Each structure stands twice: as C-alpha cells, then as structure tokens.
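Protein sequences, first through last, are from chains D and U. The working numbering runs 32 ahead of the 1-based position in the first sequence. The working numbering runs 32 ahead of the 1-based position in the second sequence. Each residue gets a CB set at the ideal place from its N, CA and C atoms; glycine is no exception. Small disclaimer: the values here were computed from a predicted structure and weren't measured. Everything below concerns the one structure shown next.
There are 2 protein chains.
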Amino acid sequence: MSKPTLTHAPRPATFTVDALNEKGEMLPTAIAGEHPLTLYVDKREVVTLMTLGQAPEALAIGYLRNQRLVRSIDEIAAVQVDWETDSVAVTTRKGVKGLAKRMGKRTVTTGCGQGTVFGDLMEEVGSIRLREDVRLAEETLYSLLDAIRHHETIYKAAGAVHGCALATNQPGGSEILTFVEDVGRHNAVDAIAGQMWLEDIDGGDKIFYTTGRLTSEMVIKCAQMSIPFLVSRSGLTQMGWNIANRIGITMIGRAVNKHYLLFTGWQRFVKTAMPTMLA
Amino acid sequence: MSKPTLTHAPRPATFTVDALNEKGEMLPTAIAGEHPLTLYVDKREVVTLMTLGQAPEALAIGYLRNQRLVRSIDEIAAVQVDWETDSVAVTTRKGVKGLAKRMGKRTVTTGCGQGTVFGDLMEEVGSIRLREDVRLAEETLYSLLDAIRHHETIYKAAGAVHGCALATNQPGGSEILTFVEDVGRHNAVDAIAGQMWLEDIDGGDKIFYTTGRLTSEMVIKCAQMSIPFLVSRSGLTQMGWNIANRIGITMIGRAVNKHYLLFTGWQRFVKTAMPTMLA
C-alpha cells in the first residue's frame, strides 16, 4: 500500500511582540504561535485543534490514530493542510465506519482533563501487552536527558509549549528520532504517533520523553503506541501511576540532568552499579 | 433566589507511592490525585472531567458557566457529588434549553488545545467590555506574587498540577480570595468561575493569577468573568496575545518574584517611579 499524499505546511513557530519589563525596558519578546486547525475526515468536520502548527499533517494522522478512528496508516489516502482556511482535510481510502455514531459517543465522554475520549481509552488498557525482553540502562537514560538538554527548542525561545520526543534505546546511548513541540500537550503526543505511522517506526523498544505531566491519558497513549519506556521531566498523578502499574510500563518522572525517580516497571530498568551498592 | 444545595466532597489531594532515585534510595513520594468525575445535568450525561477533586462542586458549576450552558447561578437548584460512582449530579430549576442540541454542536467544535468549545467562545469575544476605571499598581502585583509564593500548595508537595487564584486589587496590597489547583489547567479556571458565582464575587476589579500558559482559551475565560487583570508565571501564545490585545485586557506574563513582562492593556498598569525614570 502506498503512503498517503501529504502537504508539508508547518507554520512559523514564534512571533515577536513588545513587552515592558520591571526595569521599564521595552523588550521584543518571542511568543509561541497558536492556530486553530479544523480537522475534516472525508469532508465531515471532526474537531478543531489549537496547535503550534509544527507538524500539522502528522498531528491530524496521530489524532485519528490515538482516537482510534483510523486503525492503520493504509486507510489514509491523503492529508492536506490549508492555512488559508485553517483546515486539514483527511481523505480515507474506504471511509471511516460509523464516524457519525462515534462522534456522537465522543460528545458525552469527551474530557479527560477536558481533553479526550476517556471511556474508549480505558477500555483498551486491559488488552495492552508491552515487550518484556527490553531493558533501559541508567546511562542510556542520562544520554537521552543530555540529548534533550542540547536540543534546539521553541520552549527555550518562547516558552508556553510542551515537548515530546521519541528516542532510540541503545547500549551506546539514546538518539532522538522525532521531537515535536505544541501548545497542547496532547497535540505533541498525537503528532509523534502520526510520525511513527508515516515513518513506519515500531515503538516496542523505544523511549517516549515528555516535558509534561504523566496523567492517565499520557500513560495510556504511550502504551497504545507499544512503547515500554516513558520518561518525563515533570511529576505524575495517582491515576497515571495506577495505570502504569497495571500495564507494567517502565515510568520515570522528575528526570533532569542526573536526577530521576523510577516509579513503575522496575524490571526493565538496569542501574549502573555504584560503590555504595557494591560495598 | 436561594443558593443551590451543595455537597462538600473534596478528595484527598495527594497520595504516597515508592520511587527509586538515582542514588538507589527508595523514596516515599507524594503524587497528585486524579479522578474521573462524570457530570450529569438533570440526569443527562454531559462530560467526564479528570480532576484532582479539590472543589468538585465549584468545578461542576464553573464548567457549566464557562461552557455557557447555564447563564446564572440562580438556574441551579442542587449540585451533588458522589465519589462512589465518580459522578456529580446538577439539578437545574427549569432545565437547560436545547441541551441535547448544544451537546451535539460541541461534538464538532470541541478541542481548543483539544479542550473546549472553541467556536462558541470566539463568538463572544467581540461583545466583552472590561472596566477601564481600574488600575493595577506594580507594588500590588509584587504583593500578589509574594502571597502566591507563600501559599501552601499541592504543587510544592507533589507537582503535576496547575494553580489558579482570584485575588483582590487594593492600593495596600493583594489578597488571595480563592486558590484552586487541578491536574487540568482548565478545571482550575472553571472551579474559580464556579466559586465566584457561589460567593457572588464580581470580577470587575479583581486579579486572576495562573501558573499555566496564557493560551487563547485562558484569556477568553478570564475576560468572560469580567476580570481586567490576568497574571501568569508562564509565557503566552500568539493567539492569547491577539485576543488579549483585542479585548484590551491587562496581561502580564513571566511574573515571578520581582520580574514580569507586561504584554497588553498597559493603560491600566501603574509603574512605581524609579530613579532612572525620574532622571
């Protein structure tokens, strides 16, 4: 099956406005872009996303993937972004079965953190199996955090965005495969999911990194992509922890520089031996 | 008209789990609560919110207020939270006109940052008028930031939450009236909106503080509550800036300790004279 036809229409990431600081100085200040993007599937309006617009095509695909409206990239024939009308048109090869009905269901279940289809996601948790034959070494984690720190980001320039990365997990170190930032934390995850489909990347041995908090939805989406390693700079919620524990995902929070907290899925984590442990 | 009958059913804010840190130490670690809360209006299911559960009654009321499903607190007869079924039942005095139809409309417009009814909110922006006879003094801003810094928060204990505060704006200083934290940024804003209705607080001269980013939706919700001063510890987006500029709200970002950036609505801000300015 051929890959979908795509536009390539990112938006400028930052804009400059004047601001007055506490010293009375007028400072040109970079701020992050934010654009409405209305998603149409086979000419039916599905949702309006507010996005930075870094990877609108991958975002549209990943949104449909994570909402389980499309089950394979093969179902998508074309993704066309048009910023003149702030829209993205997805054309499927054979239509989406029961789209109208499923949009109706969304009405009442929308709103995980006022954010997504919660009921549907939870139903899937029980059936997720992550690979148990993969390991993450502490030094690989440190190598990832180092790569993240040196990555050029919109966050450094303008703040107000969340970042997500998909990274490899090799004994020699970790390499960032995709890095997406967005004004919405869920958009960044969805765009990565879309990119994985487009580039045919298997999540089974990868590391997912996010600057955002590990809420229930973040854990579920990561597991849905079959990724066994979830790393965040931030903290987590009780429900995120509960679900991670149940799925057995290896979840690490507060990961900055040489610090981290390993919360769940300890069996996949390999710690570098230290003098105090050898004593 | 009498106030609605309310339960008072907050959930414990934090839970403790074990985590392994980089030193190989097992640390009992506080994490933020996260609970699904399904909102019913006159027995019709409306939405499931993922919440910390600090102020579930105010959250339900504020959600209905900010989604424009209810136009006055007088329309609400009772709000009953039941954590055994993770639900909150709102009973209105006369029903919500066209609820079914409006929930249908939500389907296609849901998703400002995958978060709310975008189309409806934008339509209202044009009609918002904020008070022009109020001022915010720089020293009052500093007094607010000081009060925020000293406030006991779940964030300090467990992270992974956003905080919002409604504060007074007096020449002698600023006092926090309500402080709400939640795992969802929008929930915290909505809970404040609900609290304002419950306590009959007029926003016209108040300050709204948030730890979160100033996206379009945050600016619109603040303006809808008639609050002319919006202060954030974080940055802002282009669309947040555009809307703030159009409404003429006084918006301040990066506000921490004695630092801030004044972005829009400069006419309401009174800077303390400094030697360099007097020279």
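Got a sec: is the Cβ-Cβ distance from residue i to anything in chain U below 9 Å?
i: T141(D); result: A caution first: T141(D) carries a pLDDT of 31, below 50, which makes its placement in the model too unreliable to give a value.
i: A51(D); result: yes
i: E155(D); result: no
i: W273(D); result: yes
i: F47(D); result: yes
i: G56(D); result: yes
i: T247(D); result: yes
i: I63(D); result: yes
i: S266(D); result: yes
i: M82(D); result: yes
i: R286(D); result: yes
i: K188(D); result: no
i: P36(D); result: no
i: P68(D); result: yes
i: Y292(D); result: yes
i: K133(D); result: no
i: K253(D); result: no
i: K12(D); result: The requested residue 12(D) is not part of the displayed model; chain D covers only 33 to 311.
For the putative contact between residue i and residue j, defined by C-beta atoms under 8 Å, what is the C-beta separation to the nearest angstrom?
i: L293(D); j: N53(U); result: 6 Å
i: G272(D); j: V288(D); result: Not a contact, Cβ separation roughly 18 Å.
i: E170(U); j: V263(U); result: Not confirmed; about 12 Å, so no contact.
i: V113(D); j: L71(D); result: Actually they do not touch by this definition, with Cβ atoms about 10 Å apart.
i: Q270(U); j: A64(D); result: 7 Å
i: L81(U); j: A192(D); result: Their Cβ separation, rounded to whole angstroms, is 23 Å, which puts L81(U) and A192(D) out of contact at 8 Å.
Mapping the DSSP letters down to three states, classify residue i as helix, strand or coil.
i: Q299(D); result: helix
i: T269(D); result: strand
i: H218(D); result: helix
i: C144(D); result: The predicted position of C144(D) is uncertain, since its pLDDT is 34 and thus under 50; no value can be drawn from it.
i: R181(D); result: helix
i: G85(D); result: coil
i: L262(D); result: strand
i: K137(D); result: Its pLDDT being 44, under 50, K137(D) is placed unreliably by the model, and nothing is read from it.
i: L162(U); result: coil
i: T243(U); result: coil
i: D106(U); result: helix
i: A64(D); result: strand
i: L168(U); result: strand
i: P90(D); result: Going by the sequence as given, residue 90(D) is Ala instead of Pro. Of the three classes helix, strand and coil, the one that applies to A90(D) here is helix, per DSSP.
i: V111(U); result: strand
i: V120(U); result: strand
Taking the DSSP output, what are the residues bridged to residue i?
i: M257(U); result: Answer by DSSP bridge pairing: none, since M257(U) is not bridged.
i: E77(D); result: Y72(D)
i: N53(U); result: L293(D)
i: Q227(D); result: None; Q227(D) has no bridge partner.
i: A41(U); result: Answer is none; A41(U) lacks a bridge partner.
i: L209(D); result: Partner(s): none; L209(D) has no beta bridge.
i: G285(U); result: L293(U)
i: G195(U); result: E213(U)
i: S34(D); result: BP columns for S34(D) are empty, so no partner.
i: D234(U); result: Looking at the DSSP assignment, D234(U) forms no beta bridge with any residue, so it has no partner.
i: L59(U); result: A51(U)
i: T46(U); result: A64(U)
Verify the CB distance criterion: does residue i have a CB-CB separation below 9 Å to chain D?
i: W298(U); result: yes
i: V215(U); result: yes
i: A192(U); result: yes
i: E171(U); result: no
i: F295(U); result: yes
i: Q270(U); result: yes
i: E89(U); result: no
i: P60(U); result: no
i: K129(U); result: no
Say whether the stretch 180-190 of chain D touches the stretch 220-230 of chain D, bearing in mind that this needs 3 or more beta-carbon pairs closer than 8 Å, one atom from each stretch.
no
For the stretch 270-286 of chain D against the stretch 157-174 of chain D, are there 3 or more C-beta pairs whose distance is under 8 Å?
yes
Taking 8 Å as the cut-off, does the stretch 200-211 of chain D touch the stretch 59-76 of chain D (at least 3 CB pairs, one atom from each stretch)?
no
Check whether the stretch 236-248 of chain U touches the stretch 92-111 of chain U, counting contact only when three or more Cβ pairs, one atom from each stretch, lie closer than 8 Å.
no
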